[in-house]
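Structure record follows, encoded as structure tokens.
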Amino acid sequence: MFARNSLVRSVPKSNCSSPFPLLTTTFFNFNLSSSNRLTTTRVKNLCCCNSMEGRAGGNKVEKEEKISNNNSNLPNLNQVQQLINNDSTGGWDKCWEQALTPWDLGGPTPVILNLLKTGALPKGRVLIPGCGSGHDVVAIAGPERYVVGLDISENALNKARELFSSSQNASHYAFVKEDFFTWNPPSLFDLIFDYTFFCAIEPSKRPAWASRIHDLLKPDGELITLMFPIDDYIGGPPYKVSVADYEEVLHSMEFKAISVIDNELAVGARKGREKLGRWKRSLAESCL
Numbered sequence: 001m002f003a004r005n006s007l008v009r010s011v012p013k014s015n016c017s018s019p020f021p022l023l024t025t026t027f028f029n030f031n032l033s034s035s036n037r038l039t040t041t042r043v044k045n046l047c048c049c050n051s052m053e054g055r056a057g058g059n060k061v062e063k064e065e066k067i068s069n070n071n072s073n074l075p076n077l078n079q080v081q082q083l084i085n086n087d088s089t090g091g092w093d094k095c096w097e098q099a100l101t102p103w104d105l106g107g108p109t110p111v112i113l114n115l116l117k118t119g120a121l122p123k124g125r126v127l128i129p130g131c132g133s134g135h136d137v138v139a140i141a142g143p144e145r146y147v148v149g150l151d152i153s154e155n156a157l158n159k160a161r162e163l164f165s166s167s168q169n170a171s172h173y174a175f176v177k178e179d180f181f182t183w184n185p186p187s188l189f190d191l192i193f194d195y196t197f198f199c200a201i202e203p204s205k206r207p208a209w210a211s212r213i214h215d216l217l218k219p220d221g222e223l224i225t226l227m228f229p230i231d232d233y234i235g236g237p238p239y240k241v242s243v244a245d246y247e248e249v250l251h252s253m254e255f256k257a258i259s260v261i262d263n264e265l266a267v268g269a270r271k272g273r274e275k276l277g278r279w280k281r282s283l284a285e286s287c288l
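In UniProt numbering, the protein residues as written are 1 to 288.
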């Protein structure tokens, strides 16, 4: 999380000198076609310079075409995907080693901070799969919540340990290097928070993801999913998601949605592309 939580609204539009000032703070904030090129519809959302947008239509098209054909300032998405698609386990570690982590916000997820502030986050044991550099882990951890940050990348966890080596909450969390799909913890969890994990796994593994959520969560526990990217493009990771994608695999595990709402606190170009879902097992199963 290298951008230290800088948000889109913090960049003065009138002084923007680069069309890509926010890409290091957002998780693949552009659509992909089959040729892995930027689409002009998403480019409009990425450009923050009012002076360019205020010019004649011909200049705007020219600007968009220039951005579409100039990837020099973009995170190398092709390289990220190549690393991961060639090695689904070691590829993530290589991404962290090479600082190819455009999904890393550089701070806690704003909606999580809001849930904490409003007292709407369950207490107890918490699991965050794919925790990365650990900002959400440390933000949630405290006397009322013990948090396990799980990741398959040793480099990601090393970064997390480095960032929070002097944290006062150290006794309330742990970073664990394990595979989510095979890991067997000593105790179940009251809360699982999934953000940029579901979309990072191959769609064929989503039923297995739901099964593991079922196995790792207490019968009366809660799953919170920050669904992203709700979009329409080909390829991944990140793979496109929809509410129906979650429902399809979670309903088979007897989970029902408590609520699904737009994430009004989404960061930057993620705005309009995220929904916050809260899930619990059906009462019938919970009473067994």
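The beta-carbon is built from N, C-alpha and C at its ideal position, and this holds for glycine as well. Source: prediction; values computed, not measured.
Per-residue burial, residue i [other beta carbons within 10 Å of its own, 16 or more giving buried]
i, result
"Asp-194", "buried"
"Val-176", "exposed"
"Ser-282", "exposed"
"residue 290", "No information on residue 290 is available, as it lies outside the stretch 1 to 288 that the chain covers here."
"Phe-189", "buried"
"Pro-102", "buried"
"Phe-181", "exposed"
"Ala-120", "exposed"
"residue 294", "No answer is possible for residue 294: the residues shown for the chain start at 1 and end at 288."
"Lys-280", "buried"
For residue j and residue i, the rounded distance between their alpha carbons
i, j, result
"Pro-186", "Leu-216", "10 Å"
"Val-243", "Cys-131", "22 Å"
"Ile-84", "Gly-107", "24 Å"
"Gln-82", "Gly-277", "30 Å"
"Leu-191", "Ile-234", "32 Å"
"Pro-110", "Arg-145", "18 Å"
"Lys-275", "Val-241", "10 Å"
"Met-52", "Val-138", "With a pLDDT of only 40 at Met-52, under the threshold of 50, the placement of this residue in the model should not be trusted; the figure read from the coordinates follows. Approximately 40 Å, taken between the alpha carbons."
"Phe-30", "Leu-250", "Interpretation of Phe-30 is limited by its pLDDT of 35, a score under 50 that renders its predicted location unreliable; the figure taken from the coordinates is listed afterwards. Approximately 28 Å between the Cα atoms of the pair."
"His-214", "Ile-258", "16 Å"
"Glu-202", "Ser-166", "36 Å"
"Gly-91", "Asp-151", "13 Å"
"Asp-136", "Ile-112", "8 Å"
"His-172", "Glu-264", "29 Å"
Simplified DSSP state of residue i, which is helix, strand or coil
i, result
"Gly-91", "helix"
"Glu-222", "strand"
"Trp-103", "coil"
"Ser-211", "helix"
"Pro-108", "coil"
"Leu-116", "helix"
"Val-138", "helix"
"Val-43", "Confidence in Val-43 is poor, its pLDDT being 32 and thus under 50, which makes the residue's placement too unreliable to answer from."
"Ser-35", "Low local confidence applies: a pLDDT of 34 at Ser-35 is under 50, so the model's placement there is unreliable, and no value is given."
"Trp-96", "helix"
"Lys-205", "helix"
"Leu-22", "Annotation note: pLDDT 32 at Leu-22 (below 50); position unreliable, no value reported."
"Arg-273", "coil"
Residue i Cβ short of 6 Å to the ligand FAD heavy atom set
i, result
"Tyr-239", "The ligand FAD is not part of this structure, which contains no ligands at all."
Identity of the residues DSSP links to residue i by a beta bridge
i, result
"Ala-174", "Val-148"
"Ser-259", "Arg-278"
"Asp-194", "Thr-225"
"Leu-217", "Phe-189"
"Arg-125", "Tyr-146"
"Val-241", "Ile-230"
#### Entry: Contact the stretch 96-113 vs the stretch 145-162: 3+ CB pairs below 8 Å
yes
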